[in-house]
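Participant:
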Amino acid sequence: MLEKFRLDGKTALITGGNRGIGLAVAHALGEAGAKLLISGRSKVEEAKKSLADAGYDVAFVQADIRDPAAPQQLVDAALARWGRLDILVNNAGIASHGDTPDFDEERWRQVMDTNVDAVFRGCRAALVPMRKQGSGAIVNVGSISGFISNVPQNQVAYNASKAAVHMMTKSLASEFAAENIRVNAVAPGYIDTNMSRGGIENPEWFPIWRDMTPMARVGTPDEVAACVLFLCAPASSYVTGEVLVVDGGYLTR
Ligand code: NDP
Numbered sequence: 050m051l052e053k054f055r056l057d058g059k060t061a062l063i064t065g066g067n068r069g070i071g072l073a074v075a076h077a078l079g080e081a082g083a084k085l086l087i088s089g090r091s092k093v094e095e096a097k098k099s100l101a102d103a104g105y106d107v108a109f110v111q112a113d114i115r116d117p118a119a120p121q122q123l124v125d126a127a128l129a130r131w132g133r134l135d136i137l138v139n140n141a142g143i144a145s146h147g148d149t150p151d152f153d154e155e156r157w158r159q160v161m162d163t164n165v166d167a168v169f170r171g172c173r174a175a176l177v178p179m180r181k182q183g184s185g186a187i188v189n190v191g192s193i194s195g196f197i198s199n200v201p202q203n204q205v206a207y208n209a210s211k212a213a214v215h216m217m218t219k220s221l222a223s224e225f226a227a228e229n230i231r232v233n234a235v236a237p238g239y240i241d242t243n244m245s246r247g248g249i250e251n252p253e254w255f256p257i258w259r260d261m262t263p264m265a266r267v268g269t270p271d272e273v274a275a276c277v278l279f280l281c282a283p284a285s286s287y288v289t290g291e292v293l294v295v296d297g298g299y300l301t302r
């Protein structure tokens with residue numbers, strides 16, 4: 050059974066694989082045997098070193114995922130390198146919070162461009178070679194914020210963007226199921242990364258997050274990466290359109 054978690058010979062594109070959850074996903078997929086193409090803007094040298102030191106076959110492309118041309122360029126880079134693309138993990142994302150009356154158009158656009166438009170463009174670009182190959186696995190990184198309105202931070206754009214990611218996932222899953230292309234998502238709760246650090250360090254927010262999480266702790270990037278690996282691997286061959294919640298029980302309340 051464990052061999053069904055192997056990805057030997059598979060090729061994987063991970064957006065935002067340079068840090069946080071994306072870097073943990075890169076390690077998990079690399080350890081399972083996948084060849085990796087990572088995109089991101091910051092900490093590229095650090096990420097390169099950590100993945101190369103682990104012995105994975107890895108390449109990097111610097112790209113701002115908000116650029117409408119970037120997702121296609123990343124898929125093209127994968128095809129130029131390997132001639133095929135087996136796995137796409139749409140992980141790059143940003144959070145933004147603030148009272149809605151003060152939430153200007155620019156911040157709304159920033160969140161939507163990054164969390165929704167880039168995910169759509171990435172899926173659209175990857176589905177072309179996956180359809181030709183007759184196989185593929187896409188995993189989008191959603192959030193518990195796509196299901197519930199998080200407290201105490203007000204996050205109208207982030208919540209809306211992650212709900213869109215979940216529904217995009219289900220829609221594409223049904224469209225491509227008969228072509229052997231699976232499309233799933235993970236919905237993390239509070240995970241210890243740069244994105245949530247401000248809240249973890251906030252004496253007003255963190256106790257609320259902890260008390261609302263039955264496991265009474267934040268999660269680690271590795272705990273999300275393990276679920277992404279499952280959804281990319283043959284172990285989940287009959288799973289598509291699923292939004293796998295990874296939240297220490299947060300949504301059970
Ligand atoms: P981080 O802030 O640590 O990482 C965000 C990643 O997204 C970085 O790799 C960053 O790259 C990339 N990114 C953001 N904007 C762009 C852009 N315009 N162009 C290219 N890359 C970009 O956060 P996480 O690791 O926590 O977040 C990863 C995903 O997990 C996101 O989709 C997030 O919404 C989701 N998530 C996180 C949760 C948490 O509690 N941490 C909870 C639920 C979901 P760069 O270094 O170039 O900025």
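50 is the number of the first residue of the sequence shown in the working numbering; add one for each residue after it.
Note that CB positions come from ideal geometry on N, CA and C, so glycine has one too.
Write down the C-beta distance between Ser-99 and Gly-65 rounded to the nearest angstrom, noting that I regard them as a contact closer than 8 angstroms.
Facilitator: Actually they are not in contact, since the Cβ atoms of Ser-99 and Gly-65 sit about 15 angstroms apart, beyond 8 angstroms.
Participant: Candidates Pro-117, Pro-150 and Ala-141: which alpha carbon is nearest Ser-192's?
Facilitator: Of the candidates Pro-117, Pro-150 and Ala-141, the one whose C-alpha sits nearest the C-alpha of Ser-192 is Ala-141.
Participant: Could you check which residue in Asn-233, Arg-170, Lys-219 and Glu-155 has the C-alpha nearest to that of Ala-282?
Facilitator: Among Asn-233, Arg-170, Lys-219 and Glu-155, the Cα nearest to that of Ala-282 belongs to Asn-233.
Participant: Under 8 angstroms from any heavy atom of ligand 1, does the C-beta of Asp-271 make it?
Facilitator: No, Cβ of Asp-271 sits at least 8 angstroms from all heavy atoms of ligand 1.
Participant: Is the segment 286-294 touching the segment 221-236 in the sense that three or more CB pairs, one from each, lie closer than 8 angstroms?
Facilitator: Yes, the segment 221-236 is in contact with the segment 286-294.
Participant: Excluding the 5 residues preceding and the 5 following Leu-280 in the sequence, name in chain order all residues of the same chain whose CB lies nearer than 6 angstroms to its CB.
Facilitator: Result list for Leu-280: Val-188 and Asn-233, in chain order.
Participant: From what residue to what residue does the beta strand (DSSP E) around Pro-237 run?
Facilitator: First-last of the beta strand (DSSP E) with Pro-237: 230-237.
Participant: Between the segment 265-279 and the segment 211-226, do at least 3 Cβ pairs fall closer than 8 angstroms?
Facilitator: Flag = no, the segment 265-279 and the segment 211-226 do not touch.
Participant: Does the Cβ-Cβ distance between Val-165 and Ile-63 come in under 9 angstroms?
Facilitator: Contact flag unset, no.
Participant: Taking contact to mean 3 or more Cβ pairs, one atom from each stretch, closer than 8 angstroms, check whether the segment 112-132 and the segment 252-261 are in contact.
Facilitator: With the cut-off at 8 angstroms, the segment 112-132 and the segment 252-261 do not touch.
Participant: Any heavy atom of ligand 1 inside 8 angstroms of the beta-carbon of Asp-241?
Facilitator: Yes - ligand 1 has a heavy atom lying nearer than 8 angstroms to the Cβ of Asp-241.
Participant: Is the beta carbon of Met-244 within less than 8 angstroms of some heavy atom of ligand 1?
Facilitator: Yes, Cβ of Met-244 sits closer than 8 angstroms to a heavy atom of ligand 1.
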